[in-house]
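K.L.:
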């Protein structure tokens, strides 16, 4: 369960002006860390048709009609080129029991897929087995924004693994969350 951890930098009570000032990078990072997010593994196929994947907490919905999602990646990431060149990407929303997978895909390990159970779907990047939800997307655009590349994809397939045909454990799965630079759980 997530526990309250005090922020490391003071939060100003009131702004004196909307004039642009120099932001303290550390304070900004701490402010961003105060926003709890879900944790995903995003996969694609590179130019050599090899699977690539990474942990991301920047994933989010954009539109229901048409069904669009977005996520972002640092420009200096070793996987940047592979994701820019990819035509499709898959998103696996991780459960709290998959923290080790999140850490593995966040590492610089050469084969992040080693030992991870996957779901293979024709013509789609691999999905992480046991995830709470999956999305298979056609990349419709990517944009260089600041120090990140923003990817937008049209959802071709979406599945939530909480229906009555699955085990009670799957229906009651807890999502893996990221808050204050730590992994944690959200309990209902």
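In this note's numbering, the protein residues as written are 185 to 372. For each residue, glycine too, the CB sits at the ideal point set by N, CA and C. Keep in mind the model is a prediction, meaning the values are calculated, not measured.
What residue does the beta strand (DSSP E) around residue 344 start on, and which one ends it?
P.N.:
For this step, residue 344 is matched to residue 160 along the chain shown. Run containing residue 344: 332 to 344, per the beta strand (DSSP E) assignment.
K.L.:
Name the residue from 294, 321 and 357 whose alpha carbon lies nearest to the alpha carbon of residue 234.
P.N.:
Stepping through the chain shown from its first residue, residue 234 is reached at position 50. For the residues 294, 321 and 357, the minimum Cα distance to residue 234 belongs to 294.
K.L.:
Does the Cβ of residue 250 have 16 or more other Cβ atoms within 10 Å, making it buried, or fewer, making it exposed?
P.N.:
Against the chain shown, residue 250 aligns to sequence position 66. Residue 250 comes out exposed.
K.L.:
CA-CA distance, residue 209 and residue 216?
P.N.:
Against the chain shown, residue 209 aligns to sequence position 25. Against the chain shown, residue 216 aligns to sequence position 32. Their Cα atoms are separated by approximately 11 Å.
K.L.:
Keeping to the same chain, check which residues put their C-beta closer than 6 Å to that of residue 362; ignore five residues upstream and five downstream.
P.N.:
As a working mapping, residue 362 is identified with position 178 in the chain shown. 221, 223 and 241, listed in sequence order.
K.L.:
Could you tell me the alpha carbon to alpha carbon distance between residue 214 and residue 299, rounded to whole angstroms?
P.N.:
Start at 1 with the first residue of the chain shown, and residue 214 comes out as number 30. Start at 1 with the first residue of the chain shown, and residue 299 comes out as number 115. When rounded, the distance between both Cα atoms is 33 Å.
K.L.:
Just to confirm, are residue 332 and residue 256 a CB contact at a threshold of 7 Å?
P.N.:
Position 148 of the chain shown, counted from the first residue, corresponds to residue 332. Position 72 of the chain shown, counted from the first residue, corresponds to residue 256. Closer than 7 Å, so yes.
K.L.:
Quick check on residue 303: does DSSP put it in helix, strand or coil?
P.N.:
Taking the first residue of the chain shown as 1, we reach residue 303 at position 119. Strand.
K.L.:
Here's the rule I'm using: 16 or more other beta-carbon atoms within 10 Å means buried, otherwise exposed. How should residue 218 be labelled?
P.N.:
For the purposes of this step, residue 218 is taken as the residue at position 34 of the chain shown. Exposed, by the Cβ-count rule.
K.L.:
For the alpha helix (DSSP H) containing residue 296, name the first residue and the last one.
P.N.:
Taking the chain shown and counting its residues from 1, one reaches residue 296 at position 112. Per DSSP, residue 296 belongs to no alpha helix (DSSP H) and is neither H nor E.
K.L.:
Within 10 Å of its beta-carbon, does residue 244 have 16 or more other beta-carbons around it, so buried, or fewer, so exposed?
P.N.:
If you number the chain shown from 1, residue 244 lands on position 60. Counting Cβ neighbours within 10 Å, residue 244 comes out exposed, since fewer than 16 surround it.
K.L.:
Does the separation of the CB atoms of residue 227 and residue 286 fall below 7 Å?
P.N.:
In the chain shown, the residue the question calls residue 227 occupies position 43. In the chain shown, the residue the question calls residue 286 occupies position 102. In this structure, residue 286 does not lie closer than 7 Å to residue 227 by Cβ.
K.L.:
Just mark residue 212 as buried or exposed, buried being the case when its beta carbon has 16 or more other beta carbons within 10 Å.
P.N.:
Position 28 of the chain shown, counting from 1, holds the residue named residue 212. It is exposed - the Cβ of residue 212 has fewer than 16 other Cβ atoms within 10 Å.
K.L.:
Can you give the Cα-Cα distance for residue 231 and residue 272, rounded to whole angstroms?
P.N.:
As a position in the chain shown, residue 231 is number 47, starting the count at 1. As a position in the chain shown, residue 272 is number 88, starting the count at 1. About 12 Å.
K.L.:
Using a Cβ-Cβ cut-off of 8 Å (strictly less than) and excluding sequence neighbours within five positions of residue 264, which residues of its own chain qualify?
P.N.:
Locating residue 264 in the chain shown gives position 80, counting from the first residue. For residue 264, where only same-chain residues beyond five positions count, the Cβ hits under 8 Å are 257, 258 and 333.
K.L.:
Is residue 231 helix, strand or coil by DSSP?
P.N.:
As a working mapping, residue 231 is identified with position 47 in the chain shown. DSSP places residue 231 in coil when its eight states are reduced to three.
K.L.:
Determine the DSSP secondary structure at residue 210, reduced to helix, strand or coil.
P.N.:
In the chain shown, counting from the first residue as 1, residue 210 sits at position 26. Helix, per DSSP.
K.L.:
Decide if residue 342 is buried, meaning its Cβ has at least 16 other Cβ atoms within 10 Å, or exposed.
P.N.:
Taking the first residue of the chain shown as position 1, residue 342 is located at position 158. Classification for residue 342: exposed.
K.L.:
Just reading off the beta strand (DSSP E) that residue 288 is part of, what are its end residues?
P.N.:
Along the chain shown, read from residue 1 onward, the residue named residue 288 stands at position 104. Segment 283 to 290 is the alpha helix (DSSP H) holding residue 288; no beta strand (DSSP E) there.
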